[in-house]
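Colleague: Residue numbers (my numbering): 1 to 132.
Sharing a structure here in structure tokens format.
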């Protein structure tokens, strides 16, 4: 069974989207690990390693400028995991999602809240890469 770990990055405490994503992941047959709100980068990386994650879900819904800085730091810190085959997805507001999209392909998929559940389920099931 594939494993996904997910949480809200940095000082962000908004977790409704994370919970929705993890619920869809469970429906798609994934084992899910909820990291919670305001998760430090190191906690994400440690959990991904300990849980042998196949996928890491990162959420951030605050200011795009702060999000851009945090996501760049996250991507740099997570490069070893990425090189080991761990995939990363991002979910957040459209302005922060645009910053994540601009990160040279670090995230396998970026979700901005406009995607229907069916599209997310298809991604999680590996049925369709869909728009990036």
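Glycine included, every Cβ here is placed at the ideal spot set by N, Cα and C.
According to the neighbour-count rule (16 or more other Cβ atoms, all chains shown, within 10 Å of its Cβ), is residue 99 buried or exposed?
Modeller: In the chain shown, the residue the question calls residue 99 occupies position 99. Under this definition residue 99 is a buried residue.
Colleague: Roughly how many whole angstroms lie between the Cα atoms of residue 160 and residue 24?
Modeller: Past the edges of the chain, shown from 1 to 132, lies residue 160, and the structure says nothing about it.
Colleague: Output the boundary residues of the alpha helix (DSSP H) element that contains residue 91.
Modeller: Within the chain shown, residue 91 is the residue found at index 91, counting from 1. Where residue 91 is concerned, there is no enclosing alpha helix (DSSP H), although the beta strand (DSSP E) it sits in stretches over 87-92.
Colleague: Shortest alpha-carbon distance to residue 10 belongs to which of 30, 39, 34 and 16?
Modeller: Taking the first residue of the chain shown as position 1, residue 10 is located at position 10. For the residues 30, 39, 34 and 16, the minimum Cα distance to residue 10 belongs to 39.
Colleague: I want to know whether the region 25-35 touches the region 69-81 - three or more CB-CB distances under 8 Å.
Modeller: Cβ pair count under 8 Å is below three, so no.
Colleague: Over what stretch of residues does the beta strand (DSSP E) that includes residue 34 continue unbroken?
Modeller: In the chain shown, counting from the first residue as 1, residue 34 sits at position 34. That run of the beta strand (DSSP E) goes 31-39.
Colleague: Please confirm if residue 116 has its CB atom under 9 Å from at least one CB of chain D.
Modeller: The structure shown contains no chain D; it holds only a single protein chain.
Colleague: Cα-Cα, which of 42, 1, 30 and 2 is closest to residue 8?
Modeller: Against the chain shown, residue 8 aligns to sequence position 8. The shortest C-alpha separation from residue 8 is found at 42.
Colleague: Have a look at residue 52 and residue 67 and give me their C-alpha separation to the nearest angstrom.
Modeller: For the purposes of this step, residue 52 is taken as residue 52 along the chain shown, with counting starting at 1. For the purposes of this step, residue 67 is taken as residue 67 along the chain shown, with counting starting at 1. Between residue 52 and residue 67, the C-alpha separation is close to 26 Å.
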